[in-house]
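Before any comments, here is the structure.
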Amino acid sequence: MTWQDGWWPYAFIAIAGWLATDVWRWLGVVAGNKLRDDSEALNWVRAVATALVAAVIAKLVLYPTGVLEQSPLWLRTGSVALGAVAFFLFDRKPAIGIATAIAGLASGLWLLGF
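Laid out in structure tokens, this is it:
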């Protein structure tokens, strides 16, 4: 079997994925242009987006899979706490908080011999 024989499933997945999401993105852009920055609708969208990110982080910390599952809970929660402290100390920059949490987790795993 060559790459030419099995290309169509990948093309189908790419096109179906694009069609399923791109329409909603464009509708969001059109609808978002008419909203004020301080509107209740936009505040609700921000709150839902923040809650979804928090839920994903909580799931990764409390119920990890793969290699992360082998790390101790105290290390995962400590890394998140360290990242949160760095986020608030350094002018609320997400990149600094994320990098600090990853560095804390990586350092802890290295010290534990992972």
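Counting in the numbering used here, the final residue of the sequence shown is number 98, and the numbers go up one at a time with none missing.
Beta carbons: idealized from backbone N, C-alpha and C, even for Gly.
Note that the structure is predicted; figures quoted are calculated from it, not measured.
Separation of residue j from residue i, as counted between CA atoms
i: ILE80; j: ALA38; result: 17 Å
i: TYR47; j: GLY16; result: 35 Å
i: LEU19; j: GLY67; result: 33 Å
i: PHE72; j: PHE98; result: 29 Å
i: ALA25; j: ALA31; result: 10 Å
Secondary structure of residue i, DSSP reduced to three states
i: GLY67; result: helix
i: PHE8; result: It should be noted that the sequence gives Trp, not Phe, for residue 8. Residue state, collapsed to three classes: helix.
i: LEU95; result: helix
i: ASN17; result: coil
Best match in the options for proximity to residue i [C-alpha to C-alpha]
i: GLY88; options: ALA35, ARG76 and ALA70; result: ALA70
i: GLY62; options: ALA90, ASP75, GLY50 and THR49; result: ALA90
Cβ-based neighbour list, residue i, same chain, cut-off 8 Å, excluding 5 preceding and 5 following
i: LEU3; result: none
| Contained alpha helix (DSSP H) runs [length at least 4] in the region 30 to 90, N- to C-terminal order | 57 to 73
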